[in-house]
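Quick notes on the structure that follows.
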Amino acid sequence: DTVTYTPDTGYNGTDTFEYTVCDNAGTCDTATVTVVVGTPPALDVVDDTASTPEDTPVDIDILANDSGIPADGTLNFTDPANGTVAVNDNGTPDDITDDTVTYTPDTGYNGTDTFEYTVCDNAGTCDT
């Protein structure tokens with residue numbers, strides 16, 4: 008059997024609980040478990056750059072230089088003016104930490120194009 012500890016939402020600090028195990032003869036022993044619940048790292052989304060030849064899509068690991076990315080967060084982006092962006096969830100649609108994007112420039116376009124992405128955690132904290 009296993010025990011799963013889930014702290015109250017927003018809790019950080021030290022918490023303890025006891026458990027008792029008994030054998031078939033009725034002999035029991037009790038132990039105390041101490042759990043240190045830390046504050047998750049702050050969400051920090053950092054700008055990225057990429058380049059690609061004309062008419063050639065480019066894969067961008069936009070989260071590689073970011074920190075505090077929650078697995079159960081959300082990833083949204085604006086459309087670039089001169090191309091499209093598609094998310095590759097790497098087969099894990101409920102975990103954004105391994106997501107990348109593919110930027111595809113419009114046919115014949117060359118120059119600078121931009122899009123913004125926003126990451127939010129499940130508490131509603133977002134960074135762009």
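Counting with the working numbering, you get residues 8 to 135 for the letters of the sequence shown. No residue lacks a Cβ here, since even glycine has one placed at the ideal position from N, Cα and C. Keep in mind that this is a model prediction, so the values were computed, not measured.
Alpha carbon to alpha carbon, what distance is there between residue j and residue i?
| i | j | result |
| --- | --- | --- |
| Asp-62 | Pro-112 | 6 Å |
| Glu-25 | Val-10 | 11 Å |
| Asp-134 | Asp-15 | 24 Å |
| Asp-101 | Tyr-12 | 21 Å |
| Val-53 | Gly-131 | 18 Å |
| Ala-38 | Thr-104 | 36 Å |
| Val-40 | Thr-23 | 5 Å |
| Asp-86 | Ala-57 | 16 Å |
| Thr-27 | Asp-36 | 6 Å |
| Gly-33 | Thr-99 | 46 Å |
Tell me which same chain residues have a C-beta within less than 6 Å of the C-beta of residue i, skipping the five on either side of it?
| i | result |
| --- | --- |
| Val-92 | Phe-84, Val-108, Tyr-110 and Phe-122 |
| Asn-129 | Asp-79 |
| Thr-59 | Val-65 |
| Pro-77 | Asp-128 |
Let me confirm a value: residue i is counted as buried when at least 16 other C-beta atoms fall within 10 Å, else exposed. Which label applies?
| i | result |
| --- | --- |
| Val-42 | exposed |
| Tyr-18 | exposed |
| Tyr-124 | buried |
| Val-126 | buried |
Go through its chain and collect everything with a Cβ distance to residue i's Cβ below 8 Å, but skip five positions before and after it.
| i | result |
| --- | --- |
| Asn-89 | Pro-112, Asp-113, Tyr-116, Gly-118 and Asp-120 |
| Thr-21 | Thr-41, Val-42, Val-43 and Val-44 |
Bridge partners of residue i, per DSSP?
| i | result |
| --- | --- |
| Tyr-18 | Answer is none; Tyr-18 lacks a bridge partner. |
| Pro-112 | Gly-90 |
| Thr-81 | Cys-127 |
| Thr-107 | Asn-95 |
| Asp-134 | Val-126 |
Excluding five sequence neighbours on each side, which residues of the same chain lie with their C-beta closer than 7 Å to the C-beta of residue i?
| i | result |
| --- | --- |
| Asp-106 | Leu-70, Leu-82, Val-94, Asn-95, Asp-96 and Asn-97 |
| Gly-75 | Pro-47, Pro-48, Ala-49, Leu-50 and Asp-51 |
| Asp-55 | Ile-67, Ile-69 and Asn-72 |
- Where are the alpha helix (DSSP H) runs, 4 residues long or more, that stay fully inside the segment 17 to 73, in chain order? Runs found: none.
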